Amino acid sequence: MTTSRDAQWMDRALALAERGRGRTSPNPLVGAVVVSPAGVVVGQGAHLEAGGPHAEVHALDMAGARARGATLYCTLEPCTHTGRTGPCVERIVAAGIRRVVVATTDPNPRVNGAGLAYLRARGVEVHEGPGSGQARRQNAPFFTWITRHRPFVILKMAVSGDGFVGRAESRERLTGAAADRHFHRQRAEVDAIAVGSGTVLVDDPLLTPRGVHRPRPLVRVVADWSGRVLPSARVFSTLDVGPVIMVISHAAAAREAAAVRELESRGVTIMRVADRSVPDLLRRLADREVVSLLVEGGPRLHEAFHAAGAVDRLQWIVSPRMLGHGVPLGPLAARRFEEDRRHGTPLGDDVLVECDVHGTD
Numbered sequence: 004m005t006t007s008r009d010a011q012w013m014d015r016a017l018a019l020a021e022r023g024r025g026r027t028s029p030n031p032l033v034g035a036v037v038v039s040p041a042g043v044v045v046g047q048g049a050h051l052e053a054g055g056p057h058a059e060v061h062a063l064d065m066a067g068a069r070a071r072g073a074t075l076y077c078t079l080e081p082c083t084h085t086g087r088t089g090p091c092v093e094r095i096v097a098a099g100i101r102r103v104v105v106a107t108t109d110p111n112p113r114v115n116g117a118g119l120a121y122l123r124a125r126g127v128e129v130h131e132g133p134g135s136g137q138a139r140r141q142n143a144p145f146f147t148w149i150t151r152h153r154p155f156v157i158l159k160m161a162v163s164g165d166g167f168v169g170r171a172e173s174r175e176r177l178t179g180a181a182a183d184r185h186f187h188r189q190r191a192e193v194d195a196i197a198v199g200s201g202t203v204l205v206d207d208p209l210l211t212p213r214g215v216h217r218p219r220p221l222v223r224v225v226a227d228w229s230g231r232v233l234p235s236a237r238v239f240s241t242l243d244v245g246p247v248i249m250v251i252s253h254a255a256a257a258r259e260a261a262a263v264r265e266l267e268s269r270g271v272t273i274m275r276v277a278d279r280s281v282p283d284l285l286r287r288l289a290d291r292e293v294v295s296l297l298v299e300g301g302p303r304l305h306e307a308f309h310a311a312g313a314v315d316r317l318q319w320i321v322s323p324r325m326l327g328h329g330v331p332l333g334p335l336a337a338r339r340f341e342e343d344r345r346h347g348t349p350l351g352d353d354v355l356v357e358c359d360v361h362g363t364d
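The number in the numbering used here is simply the position in the sequence shown, starting from 1, with 3 added.
Following this line, the structure appears as structure tokens:
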């Protein structure tokens with residue numbers, strides 16, 4: 004049985020887990036709190052980076068001998084396996100924890116209920132459920148990567164007040180400073196950014212996070228199925244920020260062999276895939292431990308992800324600016340946009356509209 008106090012302490016653990024955002028991939032975000040029988044927090048922690056101590060270890064180290072007889076609140080089921088760190092369940096039992104409350108089980112096949120079974124078999128009282136929905140949303144990228152073997156896909160686009168994403172012939176800046184800061188922070192958190200060849204040809208973006216700190220390399224993906232992007236594109240000069248992957252069909256790679264060889268000699272990764280196969284691309288990225296993918300543009304690439312059923316979260320940043328004409332939203336994106344545009348968050352003069360496509364349950 005869980006109580007309202009359990010929900011309160013789990014909220015604290017969920018907030019702690021956020022300290023690792025942008026730093027733990029391909030591991031999940033996890034927070035932990037140790038509460039004494041008198042209701043006093045004696046230890047807390049978060050998983051802060053892949054390969055580093057888990058949240059439970061930080062919390063138990065802080066608690067020390069005060070962990071005996073206490074309750075441990077953890078946003079994700081404690082692990083039972085040895086990877087880059089040891090099993091957390093052994094530390095929990097050795098510390099004398101009497102009761103463990105978890106928000107949700109870990110879908111990783113190496114855990115997936117085994118952690119809770121281990122604790123119960125050794126006399127630890129175990130409860131599941133408080134904060135489950137928030138915990139699953141918090142770790143939606145990790146859950147998607149584990150259960151579907153593909154990255155969690157966020158599809159983002161800027162839209163004018165009259166429903167255009169830009170003009171075909173030129174670059175149009177639709178968003179203001181507040182929205183730009185928000186999305187550069189998002190670039191600092193995800194594992195990879197993807198754009199289509201049209202976006203590179205028109206905008207020639209760098210695809211780097213600016214004005215924010217990112218502690219690990221950022222993967223940039225250019226979906227150039229037909230081999231239209233020239234080696235002079237600016238994104239290919241940013242390998243100091245992280246890998247750049249050019250995705251090209253087998254036929255186009257053979258046709259543009261000289262350009263492909265030049266890019267490979269400069270350190271660009273060439274990923275040859277079946278023509279316009281989004282599922283093939285996503286499987287290959289998952290193999291590279293890309294857990295979250297932000298698809299920034301353009302409309303044709305967005306429609307390809309929609310058609311493949313590979314969009315998990317939709318984001319529109321709606322500008323008050325009117326274009327009068329230009330490139331419209333694709334039909335699938337337009338339909339969802341009309342359904343969800345009533346619920347938005349102001350970012351300066353712009354409005355952010357978000358919806359989760361598949362949910363987190």
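Think of the CB as a built atom: it goes at the ideal place given N, C-alpha and C, for glycine as much as any other residue.
Note that the coordinates shown come from a computational prediction; the quantities given were computed from them, not determined experimentally.
Under the three-state DSSP convention, the category residue i falls into
i, result
"W148", "helix"
"H130", "strand"
"T348", "strand"
"A236", "coil"
"I248", "strand"
"S7", "helix"
"S280", "coil"
"I95", "helix"
"G46", "strand"
"M274", "strand"
"A195", "strand"
"A226", "strand"
"D109", "coil"
"P331", "strand"
"R287", "helix"
"R231", "coil"
"M325", "coil"
"L177", "coil"
"S295", "strand"
"D315", "coil"
"D364", "For D364, the pLDDT reaches just 47, beneath the cut-off of 50, and the residue's location in the model is therefore unreliable, although a value from the coordinates is still provided. In the structure shown, D364 sits in coil (DSSP, three-state: anything other than H, G, I, E or B)."
Residue i Cβ short of 7 Å to the ligand NAP heavy atom set
i, result
"A182", "With respect to the ligand NAP, the structure offers nothing, as it holds no ligand at all."
Close beta carbons around residue i, own chain, < 8 Å, minus the five adjacent residues each side
i, result
"L233", "A262"
"H152", "R286 and A289"
"T272", "P246, V247, I248 and M249"
"V162", "V168, L177, W319, I320, V321, S322, L332 and F340"
"A254", "D278"
"R69", "V37, S39, V45 and G46"
"E267", "I273"
"L17", "G34, T78, A106, G134, Q137, A138 and Q141"
"H328", "F167 and R170"
For residue j and residue i, the rounded distance between their alpha carbons
i, j, result
"A180", "G42", "45 Å"
"A143", "F155", "7 Å"
"R123", "D207", "56 Å"
"I196", "V281", "14 Å"
"G23", "P133", "21 Å"
"R176", "D315", "26 Å"
"V308", "A66", "According to the sequence displayed, residue 308 carries Phe and not Val. Approximately 47 Å, taken between the alpha carbons."
"A256", "R275", "7 Å"
"H216", "G34", "22 Å"
"A182", "T202", "19 Å"
"V205", "A236", "10 Å"
"A365", "G55", "The requested residue 365 is not part of the displayed model; the chain covers only 4 to 364."
"P110", "R170", "44 Å"
"Y121", "R140", "26 Å"
"R102", "V129", "6 Å"
"T27", "T78", "15 Å"
"M325", "K159", "19 Å"
"G164", "D353", "10 Å"
Reference residue i, options the options, closest by Cα
i, options, result
"S135", "L122, R223 and V105", "V105"
"G166", "S322, P144 and V38", "S322"
"G99", "A58, V37, H130 and E306", "V37"
"A58", "T74, G72 and P81", "P81"
"F146", "L158, M160, P112 and E128", "P112"
"P220", "V244, M325 and R101", "V244"
"Y76", "A68, G89, H61 and P90", "H61"
"A73", "H187, T83, G89 and V96", "V96"
"G351", "E21, F186 and T6", "F186"
"L119", "M325, E192 and H84", "H84"
"L317", "D14, V360, L209 and A310", "V360"
"G230", "R264, L209 and P218", "R264"
Residues near residue i by beta carbon distance below 6 Å, same chain, minus five either side
i, result
"H116", "For clarity, residue 116 is Gly in the given sequence; the question names His instead. Result list for G116: T108, in chain order."
"T348", "L355"
"G300", "V198 and T202"
"R188", "V215"
"S252", "W228 and D278"
"T211", "T241 and V244"
Beta-carbon separation (whole angstroms), residue i vs residue j, contact threshold 8 Å
i, j, result
"S200", "V225", "7 Å"
"A49", "L19", "5 Å"
"V298", "I157", "7 Å"
"D194", "V222", "6 Å"
"R63", "R94", "In the sequence as presented, Arg is not what sits at residue 63; that position holds Leu. The pair is a contact, with the Cβ atoms about 6 Å apart (cut-off 8 Å)."
Own chain residues within Cβ distance below 7 Å of residue i, not counting five before or after
i, result
"W12", "V36, V38 and Y76"
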